[in-house]
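Novice: Below are the structure tokens for one structure; questions will follow.
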Amino acid sequence: MFTGIVEEVGRVASAGRSSGSVVLTVEASVVTEGTRIGDSISVSGACLTVTGVTPKSLTFTAVAETLRRTTLADVRPGMLVNLERAMAANGRLGGHFVQGHVDGIGAVLGVRTEGNSRVVTVAVDDELSSFLVEKGSVAVDGVSLTIASLRGSAFSVAVIPHTLENTTLGSLGLGDLVNVETDIIGRYVAKFLRAEPEGLSEELLRRAGFA
Numbered sequence: 015m016f017t018g019i020v021e022e023v024g025r026v027a028s029a030g031r032s033s034g035s036v037v038l039t040v041e042a043s044v045v046t047e048g049t050r051i052g053d054s055i056s057v058s059g060a061c062l063t064v065t066g067v068t069p070k071s072l073t074f075t076a077v078a079e080t081l082r083r084t085t086l087a088d089v090r091p092g093m094l095v096n097l098e099r100a101m102a103a104n105g106r107l108g109g110h111f112v113q114g115h116v117d118g119i120g121a122v123l124g125v126r127t128e129g130n131s132r133v134v135t136v137a138v139d140d141e142l143s144s145f146l147v148e149k150g151s152v153a154v155d156g157v158s159l160t161i162a163s164l165r166g167s168a169f170s171v172a173v174i175p176h177t178l179e180n181t182t183l184g185s186l187g188l189g190d191l192v193n194v195e196t197d198i199i200g201r202y203v204a205k206f207l208r209a210e211p212e213g214l215s216e217e218l219l220r221r222a223g224f225a
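Below, the structure written as structure tokens:
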């Protein structure tokens, strides 16, 4: 579990393909502290398991399912990625509950400056957009953000200067692809509301032990 508060921007040192997976090594210095093989790290929103660690780098293997659902399918040396260690049980929840299970890929439709912040609009597919609510939370490339507005299957977020300077969101441009994870609480609520009411029946009473 993560919070969506990025600790460090790392640089991909290498990315090699093997048997449908990608083995990538990321240069980092903050998130390596205290990290051991087997730990989970959010890499631009995707939860990956550490398979190798040095004081200045981390190595991961992104499997086929991860590559299918995320932008890591196009990872290459020199690319910058947002990094966050898993949330400690005694830590603060500065953003929102982020699982690192990317729901889908979004495309940047627009970026505009508004005061000292930047408004980024992202288009997603209809199914994913059904889990988004105005003023609700969303993770974009692993960054916890609040949805400012919704229009069709697109949503807009306001990104403050600190986030622009300390994450990869500051370099987003038109057409860029991003990893999107909707709020887990919103997904559960949507599933509950969509469920067909079972109603009272003889079978239901039998399962409950009344018949």
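Residue 15 is where the sequence shown starts when you use the working numbering, and the numbers rise one by one after that.
Even for Gly, the Cβ is constructed at its ideal location relative to N, Cα and C.
From ARG132 to THR73, what does the alpha carbon distance come to, in whole angstroms?
Specialist: Along the sequence shown, one-based indexing puts residue 132 at 118. Along the sequence shown, one-based indexing puts residue 73 at 59. Straight-line Cα distance between these residues: approximately 32 Å.
Novice: In chain order, what residues of the same chain have a beta carbon less than 7 Å from the beta carbon of THR63, not counting five sequence neighbours either side?
Specialist: The count along the sequence shown starts at 1 and reaches residue 63 at position 49. Correct list, in chain order: GLY52, SER54 and PHE74.
Novice: With respect to the alpha helix (DSSP H) encompassing LEU142, which residues constitute its N-terminal and C-terminal limits?
Specialist: As a working note, residue 142 is residue 128 in the sequence shown. Run containing LEU142: 140-143, per the alpha helix (DSSP H) assignment.
Novice: Who does GLU22 pair with in a DSSP beta bridge?
Specialist: The sequence position of residue 22 within the sequence shown is 8, counting from 1. Beta-bridge pairing links GLU22 to LEU97.
Novice: Alpha carbon to alpha carbon, what distance is there between LEU178 and VAL20?
Specialist: Position 6 of the sequence shown, counting from 1, holds the residue named residue 20. Position 164 of the sequence shown, counting from 1, holds the residue named residue 178. Taking the straight line from one Cα to the other gives about 11 Å.
Novice: DSSP three-state label for HIS55, please.
Specialist: Sequence index remark: in the sequence shown, residue 55 carries index 41 (1-based). For clarity, residue 55 is Ile in the given sequence; the question names His instead. Correct three-state label for ILE55: strand.
Novice: Tell me the DSSP bridge mates of ARG1?
Specialist: Past the edges of the chain, shown from 15 to 225, lies residue 1, and the structure says nothing about it.
Novice: What are the start and end residues of the alpha helix (DSSP H) that includes ARG82?
Specialist: Looking up residue 82 in the sequence shown gives position 68. Where ARG82 is concerned, the enclosing alpha helix (DSSP H) stretches over 78-83.
Novice: Nearest to VAL95 by alpha carbon, out of THR196, LEU191 and ALA172?
Specialist: Here residue 95 corresponds to residue number 81 of the sequence shown, with the count starting at 1. When only C-alpha atoms are compared, the closest one is LEU191.
Novice: Could you name the residues of the same chain whose beta carbon sits closer than 8 Å to that of SER71, not counting the 5 residues immediately before and after it, in chain order?
Specialist: Here residue 71 refers to the residue found at position 57 when the sequence shown is read from its first residue. Around SER71: ALA27, THR39, VAL40, GLU41, ALA42 and THR46.
Novice: Is there contact here, the stretch 191-200 with the stretch 116-125, by at least three beta-carbon pairs under 8 Å?
Specialist: Contact between the stretch 191-200 and the stretch 116-125 is present, because at least three Cβ pairs lie under 8 Å.
Novice: Given that a residue counts as buried once 16 or more other Cβ atoms are within 10 Å of its Cβ, and exposed if not, what is ALA114?
Specialist: Within the sequence shown, the letter at position 100 stands for residue 114. A small correction: the amino acid at residue 114 is Gly; Ala does not occupy that position in the sequence shown. So GLY114 ends up on the buried side.
Novice: Contact check, LEU146 vs THR85 under 8 Å by CB: the rounded distance?
Specialist: In the sequence shown, the residue the question calls residue 146 occupies position 132. In the sequence shown, the residue the question calls residue 85 occupies position 71. Not quite, the Cβ-Cβ distance comes to about 19 Å (not below 8 Å), so this is no contact.
Novice: How many angstroms separate the CA atom of PRO69 from the CA atom of SER151?
Specialist: In the sequence shown, the residue the question calls residue 69 occupies position 55. In the sequence shown, the residue the question calls residue 151 occupies position 137. So the alpha carbons of these two residues sit roughly 33 Å apart.
Novice: Looking only at its own chain, which residues have a Cβ that is under 6 Å from the Cβ of THR135, when we skip the five neighbours before and after it?
Specialist: Sequence index remark: in the sequence shown, residue 135 carries index 121 (1-based). Cβ neighbours of THR135 beyond the five flanking positions: LEU123, GLY124, ALA168 and SER170.
Novice: Measure the alpha-carbon distance for PRO91 versus SER144 and round it to whole angstroms.
Specialist: The residue labelled residue 91 in the question sits at position 77 within the sequence shown. The residue labelled residue 144 in the question sits at position 130 within the sequence shown. Answer to the nearest angstrom: the Cα atoms are 35 Å apart.
Novice: Can you give the Cα-Cα distance for LEU164 and ALA137, rounded to whole angstroms?
Specialist: Here residue 164 corresponds to residue number 150 of the sequence shown, with the count starting at 1. Here residue 137 corresponds to residue number 123 of the sequence shown, with the count starting at 1. The alpha-carbon atoms of LEU164 and ALA137 are separated by roughly 10 Å.
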